[in-house]
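Please read the structure below before turning to the comments.
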Amino acid sequence: MEALSGKSDSQRSLVSGHFGSRPSSSCKTPNVMSLFRNKLSSNSTRAKSITAGVTEFIIKDLRPFCVVENAGFRNLLTILEPNYVLPSRQHFSEKKIPELYEEVKRKVLYDINNKQLSLTTDGWTSRATESYVTITSCHIDENWEIKNYVLQTRSMPQSHTGSNLAALLVEAAQEWGIHNKPAVVTDNAANMVVAVKEFAAFHVGCFAHTLNLACGRALKISSVSLLLARIRRIVNYFHRSTVAAAVFKEVQERQQLPKHKLVIDVQTRWNSALDMTSRFLEQQPAVYAALTSKELRGKEKDISTLSESDIASAEELVSVLSPLKIATTALCDENTPTLSIIMPLMDRLLNEIMSPKEGDTNLIKQMKLAVVNDLSNIYKNIKSELLIATVLDPRFKSLPFLSEEETMEVFYNLSLKVVNIAQENNVSVSFNTDTPSPAKISKQNDNDNDNNNDPILDKSDESDDSHVPDNNNSAMSSLFGDKYKKQVVPSYSTHQACENEISSYKKEPAIDANSNPLHWWKSLENKFPLLSLVAKKYLGIPATSVPSERVFSTAGDIITAQRSALKPKHVDKLIFLKKNWKPKC
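Reminder that position 81 of the sequence shown reads as 81 in full-length UniProt numbering, one-by-one numbering, no gaps.
Here you go:
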């Protein structure tokens, strides 16, 4: 047997000594149940904290739900916490995300309740060709800070007609407790105009969209279009050719130029044409040095067809469009008032920046004319509303672009707005004994006209009051009490307080254009309690629908190839949480 086994006693002894003949009870191999004995309970503080962290990871980093099934992610969690049991993807998609959505939604509802809201809305299409409509809200809070919320991103498979969009807006208003008609900002599409006609207090056409259309007209001028095509051809070559890109980079370093890549324009965005042209002019020395290098020699004549006059025209194009880009940037700021900028900006554009000047070339004249023709007739139907916003902005309240008569009309309209909003909000203005009554104002005016301040008139008034019998006073008080006094006095005092506030507001010096008007209002809210109500309403309205449009990029991240089949309800909740949720650190 020993010969057959091939093992000597010494070998058997070695094996036996190395592995042991029988494990002791103290070193018993754990059974399957013991493997789970030390696992964290899903209700433990540690497990809840990790699950909450995974939920935040999915929302903030826009990860697909399937990430919790990825081997690498699961292994990472096992290393960090071996005793943690990661829930299934359904746990996150059907439980954690919906629960968090409802929690944040309650907070948003509380925050926007009884606020002077405005809305923005726009539509977009996902990679799965599903159509969505996003609605955002904007208001100024108690601390005079602008608060933006993404309220909803709902699937809309039906046709985007004006009536269908209007129905969606009405449903949204009901869901979010919006009872007063808000101002609504959208693009200038005909269906949007129809949709908000009955729903909104007034409709603001997105200024960025308006400017995009106007600049688009300028870029379609044949000479401009041809110029852009020639620049685009060069830029495309350096993007397509790896050899050209490498040579271009070497030349940049040698000439100590900014290491910027050439930019390709996007046909639907006018500012991308400006970016492409500006970058080309910046990198022009490197472009031509690269094209004439030994590596690319022979390509120059085929690729670059720009003449010296074309370069001059490119510089002219940049000079015309650059101020418009600055204007767009200013109006897309979500943290400061922008509606109030529209009218002063329109005046600057139409009467200064885009007005013909001596020395303008034919190209510049054509581009300016195209922009002016497109902008001249916009916002006429809401001009009075825009001017209310402007006059309430302490940067522009002097209205230097209006005539004296037009300025008086704006302040008159403002007084009407103040009284209406005060009544809508049931604002009670205490009677100011220093404020003359309407009768005394009239009497004082008569006296001033007669150049006569005879004290006898005041004595006769007092004499008339002294002749009223006491018992009559008692009878009238018994019959009517303070009922009519309570109804009349607030009406009078609100009107008079309004006039006093406006008069005082006019005397306040204007602030610098770079200042934040909300800081000004926060410091002087107590001095202008009525005007501040209107200021919160109008300064909280954005000039663009950019808040809705910025959701598109977020949606593009959420609805990736992995998520192309994501249910619309999950799209809505993930975008809502991504934009509105502020987790505790």
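By construction, the Cβ of each residue, glycine as well, lies at the ideal position given by its N, Cα and C atoms. Please read these numbers as outputs of a predicted model, since none were measured by experiment.
Beta carbon of residue i nearer than 8 Å to that of residue j
i: residue 598; j: Phe202; result: Any property of residue 598 remains undetermined from this structure, which presents the chain solely from 1 to 585.
i: Ser578; j: Leu165; result: The question names Ser, but residue 578 is Lys in the sequence shown. Not closer than 8 Å, so no.
i: Val427; j: Phe411; result: no
i: Asn420; j: Ile388; result: no
i: Met367; j: Val224; result: yes
i: residue 587; j: Leu566; result: This structure cannot settle anything about residue 587, because the visible part of the chain is limited to 1 through 585.
i: Phe57; j: Ser93; result: no
i: Ala327; j: Leu211; result: yes
i: Glu549; j: Asp122; result: yes
i: Cys215; j: Leu324; result: yes
i: Leu227; j: Asp310; result: yes
i: Phe280; j: Leu262; result: yes
i: Gly177; j: Asn75; result: no
i: Ala273; j: Pro394; result: no
i: His260; j: Gln284; result: no
i: Ile541; j: Cys206; result: no
i: Gly162; j: Val194; result: yes
i: Val68; j: Arg46; result: no
i: Asn188; j: His160; result: no
i: Ile264; j: Val243; result: no
i: Asp572; j: Thr153; result: yes
Sheet register partners of residue i (DSSP bridge)
i: Cys498; result: The partner list for Cys498 (beta bridge, DSSP) is empty, contrary to what the question assumes.
i: Thr148; result: Reading off the sequence shown, one finds Asn at residue 148, where the question assumed Thr. DSSP output for Asn148 lists Cys138 as bridge partner(s).
i: Trp521; result: Looking at the DSSP assignment, Trp521 forms no beta bridge with any residue, so it has no partner.
i: Gly298; result: In the DSSP output, where bridge partners are listed per residue, Gly298 has none listed.
i: Thr328; result: DSSP output for Thr328 lists no bridge partner at all.
i: Tyr412; result: Per DSSP, none; premise fails for Tyr412.
i: Ala183; result: Ser118
i: Val133; result: Gly123 and Arg154
Rounded separation between residue i and residue j - CA only
i: Tyr237; j: Met408; result: 59 Å
i: Ala229; j: Thr277; result: 11 Å
i: Thr305; j: Phe248; result: 18 Å
i: Glu102; j: Val551; result: 20 Å
i: Ile575; j: Val108; result: 14 Å
i: Asp111; j: Leu119; result: 15 Å
i: Tyr538; j: Ile341; result: 12 Å
i: Val170; j: Ser313; result: 50 Å
i: Val150; j: Thr134; result: 8 Å
i: Asp448; j: Gln496; result: With a pLDDT of only 43 at Asp448, under the threshold of 50, the placement of this residue in the model should not be trusted; the figure read from the coordinates follows. Roughly 20 Å separates the two Cα atoms.
i: Lys584; j: Asp141; result: 21 Å
i: Leu317; j: Leu296; result: 29 Å
i: His570; j: Leu349; result: 44 Å
i: Ala245; j: Leu291; result: 11 Å
i: residue 588; j: Lys301; result: One cannot answer for residue 588 here, as it falls past the ends of the chain, which runs 1 to 585.
i: Leu339; j: Phe73; result: 47 Å
i: Leu457; j: Cys498; result: With a pLDDT of only 33 at Leu457, under the threshold of 50, the placement of this residue in the model should not be trusted; the figure read from the coordinates follows. Each residue's alpha carbon lies about 29 Å from the other.
i: Pro344; j: Leu399; result: 8 Å
i: Glu385; j: Lys582; result: 34 Å
i: Ala167; j: Asn377; result: 29 Å
i: Ala208; j: Gln267; result: 16 Å
i: His91; j: Ser42; result: 12 Å
i: Asp512; j: Lys48; result: 51 Å
i: Phe401; j: Asp347; result: 7 Å
i: Asn526; j: Ser532; result: 9 Å
i: Lys115; j: Val534; result: 12 Å
i: Glu308; j: Ser155; result: 52 Å
i: Glu315; j: Glu198; result: 46 Å
i: Lys397; j: Thr125; result: 41 Å
i: Lys506; j: Ser222; result: 49 Å
Rounded distance between the beta-carbons of residue j and residue i, thought under 8 Å
i: Ala200; j: Val184; result: 4 Å
i: Arg233; j: Ile303; result: 6 Å
i: Thr51; j: Pro82; result: Going by Cβ atoms, the distance from Thr51 to Pro82 rounds to 16 Å, so no, they are not a contact pair.
i: Val371; j: Ala543; result: About 18 Å separates the two Cβ atoms, so there is no contact after all.
i: Ile502; j: Ser403; result: In fact, because the Cβ distance is near 19 Å, the residues do not count as touching under 8 Å.
i: Pro157; j: Ser131; result: 6 Å
i: Asn580; j: Val104; result: 6 Å
i: Leu117; j: Tyr84; result: That belief does not hold up - the Cβ atoms of Leu117 and Tyr84 are roughly 43 Å apart, past 8 Å.
i: Lys522; j: Trp144; result: 4 Å
i: Leu530; j: Ala422; result: 6 Å
i: Met148; j: Glu424; result: Here the sequence assigns Asn to residue 148, which means Met is not the residue at that position. Actually they are not in contact, since the Cβ atoms of Asn148 and Glu424 sit about 24 Å apart, beyond 8 Å.
### Task
Jot down the residue ranges of each uninterrupted beta strand (DSSP E) in the region 152-179, minimum 3 residues, whole runs only, in chain order.
none
### Task
Entirely within the region 33-87 and at least 4 residues each: give me those alpha helix (DSSP H) ranges in chain order.
45-60 and 71-80
### Task
Note down, one range per segment and in chain order, each alpha helix (DSSP H) of at least 4 residues found wholly within the region 201-275.
207-219, 222-240 and 242-255
### Query
Which parts of the region 360-424 are runs of the alpha helix (DSSP H), unbroken and 4 residues or longer, counting only runs that do not cross its ends?
362-375, 383-391 and 404-424
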